[in-house]
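Residue numbers (my numbering): 54 to 536.
All C-beta atoms in this analysis are idealised placements derived from N, C-alpha and C, irrespective of residue type, glycine included.
All remarks here apply to the structure that follows.
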Ligand code: GLN
C-alpha cells in the first residue's frame with residue numbers, strides 16, 4: 054500500500070479498494086517503524102490524521118470526490134498548524150503551537166488531505182543538508198551516511214522512503230528542488246506569488262515560496278492544485294486564475310524549445326552528472342524537443358547576491374523572536390537587554406546566528422549601498438538574463454546540483470562550501486521563476502536531478518515536460534533499499 058502514488062491512491066479511494074482510514078493507519082505504523090532511522094518527522098499527528106481520514110471517508114460516502122480527498126500528506130514544520138507545534142526546526146519555537154492554520158494547510162485540509170505530521174527541516178529553512186535542525190540531522194534513505202538535502206530534508210526523506218506519498222515544502226534558494234534531486238523525487242518551486250505565504254514562517258520574504266514534493270510530476274500537479282491560488286492575506290499573492298495542472302500533463306513535446314545554458318557546464322559540475330543531463334536532453338529530443346544553447350551571463354554573481362539578500366531579509370524577519378511575544382525565553386533575565394540577548398543566543402543555532410549577523414551588517418547604514426543595494430542590482434541582471442533567454446526558448450534545462458548528496462558532516466566546518474552547492478537553484482528564486490527537479494539517474498548509488506525552469510506562471514509546462522519524460526524513463530520509480 055505504501056508504494057502507491059497520490060494518483061494511485063486517488064483511484065483506489067474512488068474505486069473503494071481501501072479507505073483513507075486504512076491507508077492512514079498503514080502509513081502511521083510505517084512511520085513509527087522506519088522513521089527512527091531517518092529522523093524525517095519532528096511531530097506525528099496521529100489523532101488528527103485518523104480524525105481527518107474518517108471525515109474524508111464520510112465525505113466520499115456522501116458522494117464527494119477529489120484527488121486529495123483522503124490523501125495522506127505531511128507539512129514541512131514551518132507551515133503553521135493550529136494547536137500543533139510549529140517549530141521551524143528551531144529550539145526558539147520548540148514550545149510554539151500555532152494559533153491558526155497557514156493558508157496552504159487550510160486549503161489542503163479543505164480539499165480533504167490527511168495530515169500525518171510535521172517534517173524536519175533546517176533551522177528557519179537555512180541550509181542545504183538538513184543538518185542545522187535543532188531536532189537533529191535527517192538521513193538520506195538512499196544511503197544513511199549521506200544528507201537528504203535541505204532545507205526540506207524531512208519532507209524529502211519521508212516521501213523517498215515511502216513513508217507517505219507527498220509532502221509540502223518551501224524553496225527560498227533551492228529547498229524543494231535540491232532535496233528532490235538528492236532523494237530521487239520530483240519537486241516544484243512555483244512562481245513567486247502563486248502559493249500563499251500566509252502562515253508560512255518567513256525566512257527571506259522576497260524569495261520564499263511553498264510547493265509540492267512527490268515522486269512524480271503527476272503527483273506534484275495534484276498537490277500544487279490544492280496549494281495554489283490567490284490569498285488576500287498575503288500581499289504578494291497574485292490574483293491570477295489557477296489552471297488545471299493535471300489537464301496539461303498529456304500535451305506533446307513536439308517542437309518544444311529547450312535552452313541549455315553554456316554556463317551550467319563549468320568545472321564545478323561533476324562530469325558524471327553532466328553525462329546524465331546529456332542523457333535526459335537526448336530523451337527529450339526523442340520526444341520532439343529542439344535543443345538550443347543559451348547564455349545566462351550573470352549567473353556567476355547569483356550566489357554572492359543571494360547570500361546578501363537572504364540573510365538581510367532573515368535578519369529583519371527573525372527580529373520578532375525576542376523571548377517576549379512568543380518562542381524561547383531565557384531563565385531569570387536580569388533586565389530587558391539580558392532577556393533579548395540570552396533568549397536569542399539560546400534559541401537560535403549557529404547557522405541562524407551567522408545569517409542574522411551577516412544580514413544586519415549588510416543592512417547597516419555605512420554598508421547598505423555596498424552590499425544590499427548592489428545585490429539587488431545583480432538580482433535584476435539575473436532576471437534580465439532569464440527574460441532574454443525566454444524570448445528564444447520555452448524551457449531552460451540543466452543540473453539541479455553540481456554534486457550528489459554529500460556525507461553527513463562533510464561541509465559542517467565550511468558554510469561557504471555548502472552555499473556554493475546552490476549555484477543552479479538560487480537564480481530562479483532571485484528572478485521569482487518556477488522551477489522543477491526530477492530524477493535523472495544515479496552516481497555511486499545516489500540520485501541525481503535534472504532541473505527545468507519556465508517563464509512566470511508556466512508551472513503547467515514544467516509538469517507537462519516532466520510527466521512526458523517520466524512516461525519514457527523509470528528513474529523516478531526506483532525505491533531505496535530497505536524502504
Ligand atoms: N540552501 C539555501 C540557503 O541555505 C536555500 C535554502 C532554502 O531554499 N530554504 O539559504
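Any non-hydrogen atom of the ligand GLN closer than 7 Å to residue i Cβ
i           : result
residue 475 : yes
residue 458 : no
residue 204 : yes
residue 179 : yes
residue 208 : no
residue 245 : no
residue 226 : yes
residue 223 : yes
residue 358 : no
residue 463 : no
residue 363 : yes
residue 414 : no
residue 509 : no
residue 256 : yes
Same chain only: Cβ atoms within 8 Å of residue i, ignoring 5 sequence neighbours per side
i           : result
residue 211 : 84, 88, 91, 93, 94, 127, 172, 217, 220
residue 442 : 312, 314, 347, 348, 349, 449
Minimum Cβ-Cβ distance from residue i to chain D less than 8 Å
i           : result
residue 253 : The structure shown has no chain D; it contains just one protein chain.
Assigned exposure category for residue i - 16 Cβ within 10 Å defines buried
i           : result
residue 622 : Within the shown structure, residues of the chain are numbered from 54 to 536, placing residue 622 beyond reach of any answer.
residue 303 : exposed
residue 438 : buried
residue 469 : exposed
residue 466 : exposed
residue 249 : buried
residue 64  : exposed
residue 525 : exposed
residue 275 : buried
residue 152 : exposed
residue 168 : buried
Same chain only: Cβ atoms within 7 Å of residue i, ignoring 5 sequence neighbours per side
i           : result
residue 111 : none
residue 74  : 103, 106, 107, 110
residue 416 : 365, 368, 425
residue 360 : 472
residue 531 : 237
residue 474 : 181, 454, 455, 456
residue 284 : 156, 249, 251, 290
residue 396 : 375, 376, 381, 382, 383
residue 121 : 161, 164, 165, 166, 275, 279
Close-in-space but distant-in-sequence residues of the same chain around residue i (CB under 6 Å, 5 per side omitted)
i           : result
residue 295 : 281, 282
residue 170 : 94, 96, 97, 98, 127
residue 256 : 177, 178, 225, 367
residue 358 : 428, 431, 432
residue 206 : 183, 191, 232
residue 204 : 174, 175, 178, 180, 228
residue 329 : 493, 494, 501
residue 124 : 59, 62, 166
residue 326 : 452, 501
residue 147 : 140
residue 370 : 255
Distance between beta carbons of residue j and residue i, contact taken as under 8 Å
i           : j           : result
residue 522 : residue 333 : 7 Å
residue 448 : residue 514 : 7 Å
residue 539 : residue 289 : The displayed coordinates of the chain run from 54 to 536. Any statement about residue 539 would go beyond what the structure contains.
residue 486 : residue 239 : With 8 Å as the limit, residue 486 and residue 239 do not qualify as a contact, their Cβ atoms being about 17 Å apart.
residue 164 : residue 119 : 6 Å
residue 461 : residue 199 : 7 Å
residue 519 : residue 270 : 4 Å
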